[in-house]
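Below you'll find the structure, written out as C-alpha cells, and then a few comments.
Here is the structure:
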C-alpha cells in the first residue's frame, strides 16, 4: 500500500485509513492472485479463528481448513471440506463481485462483499450485522410465538379448530396429489356433561387436559391432534389406510378406558370412555370435509349404539 498525501490538508491518508480499519467493528482483507492474505484487520482474521499476524501470509484455503477443523471462526457445515472449498473458489472466480452473509461460532454475523480487482487482487469487506440478525431472530421468534398462540388450544395445548382446518387442507391436498393414504379420527369423550355436572368445569377442564396429553402420546409424530369443540377432538393420520387407522383408534379407546383421570377436587381417579368415528380417503373425495362428514356420522352411530367404541 503506497503512501499518499492529501493535497488540501497535507496529511498521510494511509495512516488514517489503517487506523480506521483497525478500529472499525467491520472486517477488511486483501488477497493476492494466489488467494494469500497480504493485509487484514483482526476482525477479518477472526473469521478464520486466528489473529491478524497469523492470517497474513497464509492462503485462504489453509485458513478456512483451520476454521473447519478447529471449529473456530466461520461456521462451515460440510463433511467434505475439499469439495466445499472447490465449490467456493469456483463461485468466487466466476463472479467479479460477490455478496453473501456468514456467521461465526461466537455468534457474530458479517455481510461480506468480495471484489475481484483487475490487478488480480481480491478485496473483502464485511459489515457487522450481528445486531440486525439478532433483531431478525427475535422478530421471527415473536412471530412464531404468535402463530403458536393463534393455532393452539389454550386449555389442552394441542391444535385448535383453526389449525385443524389448515393442517387438514395441506394433508388432504398432499395425499390426493401423490395418491397416498390418509385417515381421520373424530373423537368425543362420552358423557362429558355428567363430568361437568359432578365435578364442575374445573374438573372437566382437568379431564380435557389429561385426555389430550394421553391421546397425543398414543399418536405418532406425523399425526396431528386437534380440539375442535368442547370435548370433541380430531386426529389426522397421514400415510395411514383404514385398517391401520382403526388399529390406532382402538388403541386410543382401550388406553383411555383403563386410565384413571385425576381430578383435584376429589383427589381420586375418574374413569372415562371415548367414542371414535373413523374414515379414510377415497378416490371420490375432494377435501378433508368429505372424510370429516363420514367420520362424524360414524361417531354419531357409535354414540347411539352404546358408546366406548370405534366405528
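Residue numbers (full-length UniProt numbering): 1 to 311. We put the beta carbon where it would ideally sit given N, CA and C, even for glycine. Every value quoted in this text rests on a predicted model; they were computed, and no experiment measured them.
Per-residue burial, residue 62 [other beta carbons within 10 Å of its own, 16 or more giving buried]: As a first step, residue 62 is located in the chain shown; it is residue number 62 there, counting from the start. Result: exposed.
Confirm, please, whether the CB-CB distance from residue 275 to residue 190 is below 7 Å. Counting from 1 along the chain shown, the entry for residue 190 is found at position 190. Counting from 1 along the chain shown, the entry for residue 275 is found at position 275. It is a contact, given that the beta carbons lie within the stated cut-off.
Comparing alpha-carbon positions, which option in 297, 293 and 277 lies nearest residue 309? Here residue 309 is taken as the residue at index 309 of the chain shown, counted from 1. Here the closest residue by C-alpha is 277.
Give every residue of the same chain whose Cβ lies closer than 7 Å to the Cβ of residue 208, excluding the five residues on either side of it in the sequence, and list them in chain order. As a position in the chain shown, residue 208 is number 208, starting the count at 1. These residues qualify, in order along the chain: 155, 156 and 231.
Assess, as a yes-or-no matter, whether the stretch 46–53 is touched by the stretch 136–146 under the definition of 3 or more beta carbon pairs within less than 8 Å. no
Look up residue 109 in the DSSP assignment and give the residues it is bridged to. Start at 1 with the first residue of the chain shown, and residue 109 comes out as number 109. Looking at the DSSP assignment, residue 109 forms a beta bridge with 103.
Which same chain residues end up closer than 8 Å to residue 132 when comparing Cβ atoms and leaving out the 5 residues on each side of it in sequence? Working through the chain shown from its first residue, we reach residue 132 at position 132. Hits under 8 Å: 109.
Looking at C-alpha atoms only, which residue of 106, 64, 72 and 74 is the closest neighbour of residue 89? Position 89 of the chain shown, counted from the first residue, corresponds to residue 89. Residue 89 has its Cα closest to that of 64, out of 106, 64, 72 and 74.
Selected residue, minimal CA-CA separation from residue 314, among 16, 237, 282 and 229: As displayed, the chain neither begins before 1 nor continues past 311, which places residue 314 out of reach and without an answer.
Straight-line CA distance for residue 166 to residue 267? Position 166 of the chain shown, counted from the start, is the residue given in the question as residue 166. Position 267 of the chain shown, counted from the start, is the residue given in the question as residue 267. Taking the straight line joining both Cα atoms gives about 39 Å.
Which complete beta strand (DSSP E) runs does the UniProt domain "GGDEF" (180–311) hold, if anything under 3 residues is left out? 182–189, 224–227, 232–238, 261–263, 268–270 and 274–280
Can you find the residues in the same chain that come closer than 7 Å, C-beta to C-beta, to residue 128, ignoring five residues on each side of it along the sequence? Counting from one through the chain shown, the residue named residue 128 turns up at place 128. So the list reads 25, 26, 108 and 110, once near-sequence residues are dropped.
Using alpha carbons as the reference points, say which of 98, 145, 301 and 77 lies closest to residue 125. Here residue 125 corresponds to residue number 125 of the chain shown, with the count starting at 1. Residue 98 is the option with its Cα nearest to residue 125.
Measuring CB atoms only, is the stretch 243–259 touching the stretch 213–227, in the sense that at least three cross pairs come out at less than 8 Å? yes
Own chain, CB closer than 6 Å to residue 113, minus 5 neighbours either side, in chain order: Translated into positions along the chain shown, residue 113 becomes position 113. Hits under 6 Å: 99 and 125.
Residue 120 vs residue 59 beta-carbon contact at 7 Å: By one-based count along the chain shown, residue 120 stands at place 120. By one-based count along the chain shown, residue 59 stands at place 59. Going by C-beta atoms, residue 120 is not nearer than 7 Å to residue 59.
Taking just the CA atoms, how far does residue 71 sit from residue 299? Translated into positions along the chain shown, residue 299 becomes position 299. Translated into positions along the chain shown, residue 71 becomes position 71. Near 57 Å, if we compare the C-alpha coordinates of residue 71 and residue 299.
Just mark residue 240 as buried or exposed, buried being the case when its beta carbon has 16 or more other beta carbons within 10 Å. Numbered from its first residue, the chain shown carries residue 240 at position 240. Buried.
Just the Cα atoms here: how many angstroms apart are residue 174 and residue 271? The residue labelled residue 174 in the question sits at position 174 within the chain shown. The residue labelled residue 271 in the question sits at position 271 within the chain shown. Roughly 38 Å separates the two Cα atoms.
Secondary structure at residue 56, three-state DSSP: helix, strand or coil? In the chain shown, counting from the first residue as 1, residue 56 sits at position 56. Note: residue 56 maps to coil in three-state DSSP.
Tell me whether the stretch 278–286 and the stretch 241–251 touch, counting them as touching only if at least three CB pairs, one residue from each stretch, are closer than 8 Å. yes
The alpha helix (DSSP H) spanning residue 81 covers which residue range? The residue labelled residue 81 in the question sits at position 81 within the chain shown. Counting along the chain, the alpha helix (DSSP H) containing residue 81 begins and ends at 81–94.
Look at the alpha carbon of residue 225 and the alpha carbon of residue 250, and state the distance between them as a whole number of angstroms. Within the chain shown, the letter at position 225 stands for residue 225. Within the chain shown, the letter at position 250 stands for residue 250. If you take the alpha carbons of residue 225 and residue 250, they lie about 16 Å apart.
Can you give me the Cβ contacts of residue 204 inside the same chain, cut-off strictly under 6 Å, excluding the 5 residues immediately before and after it? Within the chain shown, residue 204 is the residue found at index 204, counting from 1. Cβ neighbours of residue 204 beyond the five flanking positions: 195 and 196.
Beta-carbon proximity check, residue 326 vs residue 75, cutoff 7 Å: Examination of residue 326 is not possible in this model, given that the chain is present from 1 through 311 alone.
Of the choices 84, 82 and 118, whose alpha-carbon is the least far from that of residue 318? Residue coverage of the chain in this structure runs from 1 to 311, which leaves residue 318 outside it and unanswerable.
Where residue 48 sits in the DSSP three-state scheme: Here residue 48 refers to the residue found at position 48 when the chain shown is read from its first residue. Residue state, collapsed to three classes: coil.
Measuring straight from C-alpha to C-alpha, what distance separates residue 83 and residue 91? The residue you call residue 83 lines up with position 83 of the chain shown. The residue you call residue 91 lines up with position 91 of the chain shown. Approximately 12 Å, taken between the alpha carbons.
The alpha helix (DSSP H) that contains residue 150, what's its start and end? On the chain shown, position 150 is the one that residue 150 refers to. Start and end: 130–151.
Just to confirm, is the Cβ distance from residue 367 to residue 311 under 7 Å? Residue coverage of the chain in this structure runs from 1 to 311, which leaves residue 367 outside it and unanswerable.
State yes or no: is the C-beta of residue 123 within less than 7 Å of the C-beta of residue 37? Translated into the one-based positions of the chain shown, residue 123 becomes position 123. Translated into the one-based positions of the chain shown, residue 37 becomes position 37. For residue 123 and residue 37, no; Cβs fall outside 7 Å.
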